[in-house]
Each structure stands twice: as structure tokens, then as C-alpha cells.
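The letter at position 53 of the sequence shown is residue 53 when you use my numbering, and the numbering goes up by one with no holes. Think of the CB as a built atom: it goes at the ideal place given N, C-alpha and C, for glycine as much as any other residue.
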Amino acid sequence: MVQRDNRRTKFRFEDLEIWQLSVEIAEILFNIADELEEKKLFRFAEQLRGAGISMSNNIACPV
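Here it is, written out as C-alpha cells:
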């Protein structure tokens, strides 16, 4: 949602549907990573978590 504040428009990336979806996907990836750690696949679990976090971060802060 866009908020008005003394003639300025504030943009919130948290309101983007794609950002919200990326957070949901990250939660799924974290759950899969937890299962992989039980099978001693630690490196793959770490990569999944990194990818999950990266999605929402890249949407929030595109540089």
C-alpha cells in the first residue's frame, strides 16, 4: 500500500504480491532444508536456505 506523508509517497516493498510470495516460498525451502539436515545433507540445506532468503532480499533491494 502507498502511504501519503506530507506530499511524499512512501513505497513499501512488503506490500508487493511477488515479495509476499517469495517469503512463502522461502518458508517451504526452509522446511525442506530441515528435512535434508536430518539426512545429513547439510551443504544442500544451507544452499536452499540461502536461495530462500535471497529471493525476498533481491526484490526488496534491487541494485
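Reference residue i, options the options, closest by Cα
i	options	result
G52	E17, R8, V23	V23
N58	K10, Q20, I32, E38	Q20
Delimiting residues of the alpha helix (DSSP H) encompassing residue i
i	result
R43	42-60
L21	17-38
Exposure of residue i, with buried meaning 16 or more beta-carbon neighbours within 10 Å
i	result
A60	exposed
Segment limits, beta strand (DSSP E) that includes residue i
i	result
R8	8-10
Distance, residue j Cα to residue i Cα
i	j	result
L36	M55	20 angstroms
G80	E27	With the chain running from 1 to 63 in the structure shown, residue 80 is simply not present.
L41	I18	29 angstroms
I25	F44	16 angstroms
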